[in-house]
Amino acid sequence: MEDNRNKKITTASGAPVVNYEDTMTIGPRGPVLLQDYFLHEKLAHFNRERIPERIVHAKGSGAYGTFTVTNDISKYTRAKLFNGIGKQTKLFIRFSTVGGERGSADSERDPRGFAVKFYTEDGNYDLVGNNTPVFFIKDAKKFPDFIHTQKRDPHTNCKSPTMVWDFWSLNPESLHQVTTLMSDRGTPFGFRHMHGYGSHTYSMINAQNERVYIKYHFRTQQGIKNLTGAEADEMRAKDMDYAQRDLHTAIANGDFPKWKLYIQVMTESETKTFRWNPFDLTKVWSQKEYPLIEVGEMELNQNPDNYFAHVEQVAFAPAHIVDGIGFSPDKMLQGRILSYPDAQRYRLGGNYEQIPVNRCPFMTNNYQRDGQMTVNGNQGAAPNYYPNSFDGHYEDQSYKEPALQVDSLVADNYDRNAPGEDDHYTQPGDLYRLLDAEQKEHLIQNIVGAMSGIEGPKRDEIVMRQLCHWFRADMNLGLGVAKGLGFSMDEMAKHMPQK
Ligand code: HEM
Numbered sequence: 001m002e003d004n005r006n007k008k009i010t011t012a013s014g015a016p017v018v019n020y021e022d023t024m025t026i027g028p029r030g031p032v033l034l035q036d037y038f039l040h041e042k043l044a045h046f047n048r049e050r051i052p053e054r055i056v057h058a059k060g061s062g063a064y065g066t067f068t069v070t071n072d073i074s075k076y077t078r079a080k081l082f083n084g085i086g087k088q089t090k091l092f093i094r095f096s097t098v099g100g101e102r103g104s105a106d107s108e109r110d111p112r113g114f115a116v117k118f119y120t121e122d123g124n125y126d127l128v129g130n131n132t133p134v135f136f137i138k139d140a141k142k143f144p145d146f147i148h149t150q151k152r153d154p155h156t157n158c159k160s161p162t163m164v165w166d167f168w169s170l171n172p173e174s175l176h177q178v179t180t181l182m183s184d185r186g187t188p189f190g191f192r193h194m195h196g197y198g199s200h201t202y203s204m205i206n207a208q209n210e211r212v213y214i215k216y217h218f219r220t221q222q223g224i225k226n227l228t229g230a231e232a233d234e235m236r237a238k239d240m241d242y243a244q245r246d247l248h249t250a251i252a253n254g255d256f257p258k259w260k261l262y263i264q265v266m267t268e269s270e271t272k273t274f275r276w277n278p279f280d281l282t283k284v285w286s287q288k289e290y291p292l293i294e295v296g297e298m299e300l301n302q303n304p305d306n307y308f309a310h311v312e313q314v315a316f317a318p319a320h321i322v323d324g325i326g327f328s329p330d331k332m333l334q335g336r337i338l339s340y341p342d343a344q345r346y347r348l349g350g351n352y353e354q355i356p357v358n359r360c361p362f363m364t365n366n367y368q369r370d371g372q373m374t375v376n377g378n379q380g381a382a383p384n385y386y387p388n389s390f391d392g393h394y395e396d397q398s399y400k401e402p403a404l405q406v407d408s409l410v411a412d413n414y415d416r417n418a419p420g421e422d423d424h425y426t427q428p429g430d431l432y433r434l435l436d437a438e439q440k441e442h443l444i445q446n447i448v449g450a451m452s453g454i455e456g457p458k459r460d461e462i463v464m465r466q467l468c469h470w471f472r473a474d475m476n477l478g479l480g481v482a483k484g485l486g487f488s489m490d491e492m493a494k495h496m497p498q499k
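Quick note: the sequence shown uses the numbering used here, first residue 1, plus one each step.
Laid out in structure tokens, this is it:
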């Protein structure tokens, strides 16, 4: 970065400024002269400082880092960034909360975004995940409704537990993620002490053009550390930005946070016999059956010198994959492929890929031209159409993916969900049973605390519907929540479905 100290102040077009603070007037008492252009420029630019915040994940923190390959996984993928032990790739990461605005508190109970942009020689590869292995819903069509419930009530402009639990109780596929969220993992101690997940099932393709399906796991090397519900509330009052401060300070002090990256692998034939839909984002793959395979290590070692330029303007997209990595039939993932670049064209403008943090540091050649804020030279005098007889550019067939076998029926009169898609209870129950006694207690306290906010004429209906889900996941979990909400067994029995 150029040293910008001890320089003349200038206008945006470079003219030296004679008086930065006092407006040009007729006499010391005014009025103001229209010809003081610098006054206009200053006020006008200030008025344009805000851009739309992200529709979700608006509050976040970012850093640059390095990914180093530590294990040979070339039998699964030909992706250059994962091949060659010791190979290093520069990256940018952005952590975030989901529902809050840009100025909201870092300690909210919320999933944390975990988005990584790898600057690879085959193009930028974005892995846009969370700190949870599953999600609330499994169909992109439900996303806007779900997010509306996480934002403010359109009437009161306040957050509304009633909307939240109404939606969750009507969409029981959310139970697994809600259980994770209500555990202490819903309030991690900053960003350094949590795992990250790709969450979706992706595919990997090797040099022989063979495909396997995979899930990504980033495991924190700082150790898992969470806040309890009470500690998170206290932190919200004490330091709204503590996660940002914690990450920035650690990196500034040379205490570089690290995560190890692993994958789980499922062959194409195993996807056909797996007891759940392996592309269902509300389910995990057992690590006993599909063990973690080491890939490499991510280290965060450089704070961005300017927050807006890097962290606010970075644009991640699940659409950005590279050779050797593929999508999967996961319906949510398919929806996300469309959604992110669309959001970024609105948030940052059509040429957002030219912003330095988003720009591919390697060659990009295509026939896209012009548009607002074209700042990359617009590919100079090169032809702007294809095919042409001049530039010799070509499509590279060596990057072809293997053919994908899919079910062949498209119709509206059959069930859009695959068989077994309605087991929303086994995995959340397993998760509850895995917790130790203290963690179970915290989970129940957090659920009770959150559900206590449900109010209004539909309160009982919503509470009962959600209680039923907790019971179906695990009897003791259901009993704990019911007791915490002050229900007697007699009252419960009244609401139970009669045989
Ligand atoms: C951000 C849409 C599901 C993780 C965003 C943004 C949109 C969006 C529009 C803002 C992008 C921007 O302005 O730059 C959706 C839709 C989803 C979905 C339509 C479901 C179909 C998910 C899931 C995950 C996830 C399942 C994690 C597994 C993230 C993260 C960010 C984000 C980490 C913030 C990226 C950043 O730091 O800039 N999402 N999302 N989203 N989403 Fe999603």
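Ideal placement from N, C-alpha and C gives every residue a C-beta, glycine not left out.
Alpha helix (DSSP H) containing Val56: first to last residue?
Counting along the chain, Val56 falls outside any alpha helix (DSSP H), and DSSP gives it neither H nor E.
Where Lys7 and Thr25 are concerned, what is the direct C-alpha to C-alpha distance, given to the nearest angstrom?
26 Å
Does the Cβ of Arg78 have 16 or more other Cβ atoms within 10 Å, making it buried, or fewer, making it exposed?
buried
Which parts of the region 219-299 are runs of the alpha helix (DSSP H), unbroken and 4 residues or longer, counting only runs that do not cross its ends?
229-238, 242-252, 268-273
Here's the rule I'm using: 16 or more other beta-carbon atoms within 10 Å means buried, otherwise exposed. How should Lys75 be labelled?
exposed
Below 8 Å on the Cβ atoms is my contact criterion, and I expect Ala250 with Arg192 to pass it. Report the Cβ-Cβ distance as a whole number of Å.
6 Å
Per the DSSP calculation, Tyr352 is bridged to which residue(s)?
DSSP, once it has assigned bridges, lists no residue as partnering Tyr352.
Output yes or no for whether 8 Å exceeds the beta carbon distance between Lys261 and Glu297.
Sequence inspection shows Leu at residue 261; the Lys mentioned does not correspond to that position. Taking 8 Å as the Cβ cut-off, Leu261 and Glu297 qualify as a contacting pair.
Can the beta-carbon of His195 be found closer than 8 Å to that of Val134?
no
So what does Thr68 bridge to, in DSSP terms?
Gln88, Glu297
Leaving out the 5 sequence neighbours to the left and right, which residues in its chain are closer than 7 Å to Asp323 when beta-carbon positions are compared?
Arg78, Ala79, Asp122, Tyr399
Opposing strand residues paired with Ile130 [DSSP bridges]:
The identity of residue 130 in the sequence shown is Asn, whereas the question assumes Ile. Partner(s): Gly113, Tyr197.
By the DSSP assignment, the beta strand (DSSP E) with Tyr202 in it spans what residues?
202-205
For Gln208, which three-state DSSP category applies?
coil
Please report how far the alpha carbon of Gly371 lies from the alpha carbon of Asn351, in whole angstroms.
7 Å
Between Trp259 and Phe218, which are expected to be in contact by the criterion C-beta below 8 Å, what is the C-beta distance as a whole number of angstroms?
4 Å
Tell me the DSSP secondary structure of Ile483 in three-state form.
It should be noted that the sequence gives Lys, not Ile, for residue 483. Helix at Lys483.
Any non-hydrogen atom of the ligand HEM closer than 7 Å to Asn358 Cβ
no
Looking at Asn301 and Phe256, is the spacing between their C-beta atoms short of 8 Å?
yes
Are there three or more Cβ pairs, one per stretch, closer than 8 Å when the region 207-224 is compared with the region 268-286?
yes
Beta carbon of Tyr340: closer than 7 Å to some heavy atom of the ligand HEM?
yes
Just verifying my parser: in three-state terms, what is the DSSP assignment at Lys159?
strand
If you follow the alpha helix (DSSP H) that Phe146 is part of, which residue opens it and which one closes it?
143-150
Using alpha carbons as the reference points, say which of Ala63, Thr11, Thr66 lies closest to His45.
Thr11
Within the continuous alpha helix (DSSP H) that includes Arg102, where are the two ends?
Careful: Arg102 lies outside any alpha helix (DSSP H) and carries neither H nor E.
Using the beta-carbon count (16 or more within 10 Å), is His469 buried or exposed?
buried
If you check the beta carbons only, do Ser328 and Thr201 fall under 8 Å apart?
yes
State the Cα-Cα distance for the pair Lys288 and Phe67, rounded to the nearest angstrom.
27 Å
Going by beta carbon distance, what residues of the same chain come within less than 6 Å of Arg236, once the five residues before and after it are set aside?
Ala105, Ser107
Do Ala115 and Arg94 have their C-beta atoms within less than 8 Å of each other?
yes
Beta-carbon within less than 7 Å of Ala482's beta-carbon, same chain only, minus the 5 sequence neighbours each way: which residues are those?
Leu467, Met492
Applying the criterion that 16 or more other CB atoms from any shown protein chain within 10 Å of the CB defines a buried residue, is Leu338 buried or exposed?
exposed
Check this for me: beta carbons of Ala450 and Met182, under 8 Å apart or not?
yes
Taking Ala79 as part of the alpha helix (DSSP H), name the residues at either end of that continuous run.
From DSSP, Ala79 is part of no alpha helix (DSSP H); its letter is neither H nor E.
Nearest to Met373 by CA position, among Arg345, Gly84, Ala381, Ser269, is which residue?
Arg345
Span of the alpha helix (DSSP H), counted from its first residue to its last, around Arg5
Arg5 -> no alpha helix (DSSP H), and no H or E assigned at all.
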